[in-house]
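Engineer:
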Amino acid sequence: MTIIIRNLIAVICCLWIVSCAEAQIGPNLDSGDGDADTDADTDADTDADSDGDADSDTDTDTDADSDSDSSTESDSGTDSTDSETVDTDTETEYDTVPVDDTDTTDDGSECTVETAATDCAADEYCVEGYCCDMPCTGRCESCSLEGFEGTCTLLPGLTSCRASAGICDYVERCDGTSPWCPEDTFTGATKLCRESVGECDPEERCNGAGPECPEDVVLASGTACGSGATSNCDNADRCDSAGQCSPNWKADDTPCGTSTTEYRCSTTDCNAIPQSRTQGSSCQSGVCTAIAEPAWIDLDTCTSSEICVAGSSSATCSPCTSPPNNSCNDDLDSVQYVDTGTCDAGGAAPACFYASSVVDCAYPTDNCVNGICTGFTCIPAEKNKSYPWDTAADDMGWALSGNWQHSSNWPYNYTEYYLQIANLNDGITTPADHVLLSPTFEFAACTGLTVNFAYWIDNNWAKCSPTKASLRLECGHGTSWTLVHEEFEMDTNNQGGFDIEADATACISEQVQFRFMVANMCAGAVNRIIVDEFQISVD
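The sequence shown begins at 74 in our numbering and counts up by one.
(1) Which residues mark the beginning and the end of the alpha helix (DSSP H) in which T191 is found?
(2) Would you report the Cα separation of C241 and C213, rounded to the nearest angstrom?
(3) Starting from the C-beta of V200, find all residues in its chain whose C-beta is less than 6 Å away, skip the five residues before and the five after it, and write them out in chain order.
(4) Going straight from the alpha carbon of G281 to that of D257, what length do you get?
(5) Excluding five sequence neighbours on each side, which residues of the same chain lie with their C-beta closer than 6 Å to the C-beta of Y410?
(6) Express the C-alpha separation of A302 and E245 in angstroms, rounding to a whole number.
(7) Could you check what DSSP says for T165 in three-state terms: helix, strand or coil?
(8) Round the Cβ separation of D326 and C356 to the nearest angstrom and send it over; I've been treating them as touching at under 8 Å.
(9) Spatial neighbours of F587 within its chain, please: C-beta separation below 6 Å, excluding the five flanking residues on both sides.
(10) How should D605 be labelled, buried or exposed, when 16 other C-beta atoms within 10 angstroms of its C-beta is the threshold for buried?
(11) By Cβ distance, which residues of its chain are closer than 8 Å to S385, with the 5 residues on each side in sequence left out?
(12) Using CA atoms only, rank isn't needed, just tell me which of A368, E379, G330, L497 is closest to G359.
(13) Indicate the three-state DSSP secondary structure (helix, strand or coil) for Q608 in the structure shown.
(14) In chain order, what residues of the same chain lie with their CB nearer than 8 Å to the CB of N305, ignoring the 5 residues before and after it?
(15) Given this structure, state the Cα-to-Cα distance separating E95 from D196, to the nearest angstrom.
(16) Give me the Cα-Cα distance between C425 and D371, rounded to the nearest whole angstrom.
(17) By how many angstroms is the C-alpha of I364 removed from the C-alpha of S300?
(18) Around the C-beta of S377, are 16 or more other C-beta atoms found within 10 angstroms, so that it is buried, or is it exposed?
(19) I'd like the list of long-range same chain contacts for E276, defined as Cβ closer than 8 Å, with 5 residues on each side in sequence excluded.
(20) Tell me which same chain residues have a C-beta within less than 8 Å of the C-beta of T188, skipping the five on either side of it?
(21) Measure the C-alpha to C-alpha separation of F514 and V442 and round it to an integer number of angstroms.
(22) Hey, T224 and D206: beta-carbon distance below 7 Å or not?
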């Protein structure tokens with residue numbers, strides 16, 4: 074119905090225009106030009122009207138004026154029905170995508186989706202308020218372009234058809250040849266999307282995988298940054314956990330430069346407070362700064378069982394827990410001290426005092442040796458002491474150190490235990506660390522002293538010459554030792570047990586110990602050395 078009415082109106086207009094052209098006389102007012110047109114010529118209207126608009130008049134206009142206006146012209150002459158718009162725009166860009174299912178448009182709507190069946194022809198579609206010749210569903214086509222209403226027309230190139238979804242998302246635009254919007258694409262690493270805010274926070278760039286800028290990442294805490302220079306108060310700079318490059322200063326008050334620290338204790342007070350004082354310079358905010366007025370700083374407070382001890386590098390409260398060794402007095406009785414002492418300020422300086430007690434050693438059955446009453450004397454009942462070491466645990470007062478150990482069976486005997494030093498293939502670099510040590514004896518009243526023992530050296534075949542190893546028996550005490558006997562194993566394939574008797578007269582004294590140790594060891598030459606049946610005989 075709408076199309077039929079529109080066609081009828083067009084025919085009537087054309088007939089009316091022709092009629093007016095034939096009867097036109099008088100001046101042409103042409104008042105809709107927009108220019109100051111005051112000509113009074115007789116208008117025979119013979120112009121071809123080539124102003125570029127969609128002008129359907131058929132009159133001939135002989136107006137000689139230069140009418141170049143771009144306004145809407147409403148001729149007041151014979152051409153009074155000519156309503157034309159001169160459009161000099163050669164490109165139209167649409168910044169928004171047309172909506173396909175608009176029910177109504179502005180003035181001039183022909184249809185809605187609900188009334189399309191009655192408003193439009195059977196082969197037409199209601200698109201954007203117009204009866205359209207096609208469904209026109211592409212983002213880059215429209216049925217409402219000015220001058221092309223009702224005809225599905227491609228949108229001009231560069232018309233936006235998909236907005237950006239983020240800083241890393243391109244705006245897609247129509248290409249002018251296809252009804253479809255180009256594929257959604259994202260920008261790549263060429264686009265900076267987040268600037269760096271510092272050395273520890275690098276810039277971020279788009280990665281082509283999505284519309285948003287990648288997550289803000291900072292360098293790991295501790296990463297080197299800034300100045301790498303170091304000094305006695307400043308280390309190389311490092312990134313912190315917040316992405317900031319921070320100075321790496323040493324702690325304030327750290328001694329630096331030529332600083333020296335003094336330590337002191339009271340020399341009269343048992344409850345002294347150790348103190349320190351730094352003179353020179355100390356670190357302050359990374360700078361070595363001179364100490365203007367150094368002061369003594371309290372470090373601790375000593376108790377009644379401690380004494381203050383000051384040295385060149387410290388001042389501390391030292392506990393009184395190191396009593397003197399037990400000793401023997403002039404009567405050969407044992408003097409024994411308590412383990413924990415107390416501070417005594419009665420001397421030149423406070424010192425630890427340890428209480429002691431005297432234990433009577435009943436002579437002649439007991440004598441005092443190293444502060445202990447011992448029962449070994451030179452009386453006839455004690456002339457012979459034998460140490461067979463015949464159990465796996467009882468050392469009968471002897472101490473084993475280093476590689477010395479209990480063993481039994483072959484080669485010395487099959488039923489009784491003995492002591493051996495084994496695992497000698499790699500040699501012994503420090504013999505004093507591998508010792509078989511006896512208890513302490515008191516031989517002062519003896520006139521003669523002899524020792525006997527059995528030994529075995531188990532060869533590991535000859536690998537060096539002339540000496541493979543030697544077994545030494547010494548007597549003495551502390552750091553003073555005297556050789557009693559040394560048994561050499563020469564460069565022979567000798568295996569077997571031997572009984573030794575040695576004169577130990579040089580060992581007659583108040584405090585005596587015996588020790589076995591290996592010397593002159595050739596690595597890999599001897600596998601083990603066995604000692605058994607040690608016996609002391611006195612006169």
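Idealized CB from N, CA, C, for every residue including glycine.
Structural biologist: Let me lay it out:
(1) As a first step, residue 191 must be located in the sequence shown, where it is residue number 118. In the DSSP annotation of this structure, the continuous segment of the alpha helix (DSSP H) that includes T191 starts and ends at 189–192.
(2) Locating residue 241 in the sequence shown gives position 168, where the first residue counts as 1. Locating residue 213 in the sequence shown gives position 140, where the first residue counts as 1. Rounded to the nearest whole angstrom, the C-alpha separation of C241 and C213 is 23 Å.
(3) What you label residue 200 is simply residue 127 of the sequence shown in a count that begins at 1. Result list for V200: C209, C216, in chain order.
(4) If you number the sequence shown from 1, residue 281 lands on position 208. If you number the sequence shown from 1, residue 257 lands on position 184. C-alpha separation (whole angstroms): 11 Å.
(5) Here the question's residue 410 lines up with position 337 in the sequence shown. Taken in chain order, the residues that qualify are P396, P397, Y427, S429.
(6) As a working note, residue 245 is residue 172 in the sequence shown. As a working note, residue 302 is residue 229 in the sequence shown. Whole-angstrom Cα-Cα distance: 52 Å.
(7) Along the sequence shown, one-based indexing puts residue 165 at 92. Because T165 carries a pLDDT of 37, less than 50, the predicted location of this residue cannot be relied on, and no value is offered for it.
(8) By one-based count along the sequence shown, residue 326 stands at place 253. By one-based count along the sequence shown, residue 356 stands at place 283. The C-beta separation of D326 from C356 comes to about 7 Å, placing the pair in contact by the 8 Å criterion.
(9) In the sequence shown, the residue the question calls residue 587 occupies position 514. Apart from the 5 residues on each side of it in sequence, F587 sits with its Cβ closer than 6 Å to the Cβ of S511, C548 in its chain, given in chain order.
(10) Reading the sequence shown from its first residue, position 532 is the one you call residue 605. By the 10 Å Cβ count, D605 comes out buried.
(11) The residue labelled residue 385 in the question sits at position 312 within the sequence shown. Correct list, in chain order: Y336.
(12) To locate residue 359, count along the sequence shown from 1; it is residue 286. Out of A368, E379, G330, L497, the CA that lies nearest to the CA of G359 is found in G330.
(13) Sequence index remark: in the sequence shown, residue 608 carries index 535 (1-based). Here DSSP, grouped into helix, strand and coil, assigns Q608 to strand.
(14) The residue labelled residue 305 in the question sits at position 232 within the sequence shown. Cβ neighbours of N305 within its own chain (closer than 8 Å, five residues either side excluded): K323, C329, G330, C356, C361.
(15) Within the sequence shown, the letter at position 22 stands for residue 95. Within the sequence shown, the letter at position 123 stands for residue 196. Its pLDDT being 35, under 50, E95 is placed unreliably in this model, and the coordinates cannot settle the point.
(16) As a position in the sequence shown, residue 425 is number 352, starting the count at 1. As a position in the sequence shown, residue 371 is number 298, starting the count at 1. C425 and D371 have their alpha carbons spaced roughly 22 Å apart.
(17) As a first step, residue 300 is located in the sequence shown; it is residue number 227 there, counting from the start. As a first step, residue 364 is located in the sequence shown; it is residue number 291 there, counting from the start. Their Cα atoms are separated by approximately 27 Å.
(18) Stepping through the sequence shown from its first residue, residue 377 is reached at position 304. Exposed, by the Cβ-count rule.
(19) Taking the first residue of the sequence shown as 1, we reach residue 276 at position 203. So the qualifying residues of the chain are L265, R267, E268, S269.
(20) Position 115 of the sequence shown, counted from the first residue, corresponds to residue 188. Beyond the five residues adjoining it in sequence on each side, T188 comes within less than 8 Å, by CB distance, of C199 in the same chain, given in chain order.
(21) Position 441 of the sequence shown, counted from the first residue, corresponds to residue 514. Position 369 of the sequence shown, counted from the first residue, corresponds to residue 442. Counting only the Cα atoms, V442 lies some 7 Å from F514.
(22) For the purposes of this step, residue 224 is identified with residue 151 of the sequence shown, where counting begins at 1. For the purposes of this step, residue 206 is identified with residue 133 of the sequence shown, where counting begins at 1. Going by C-beta atoms, T224 is nearer than 7 Å to D206.
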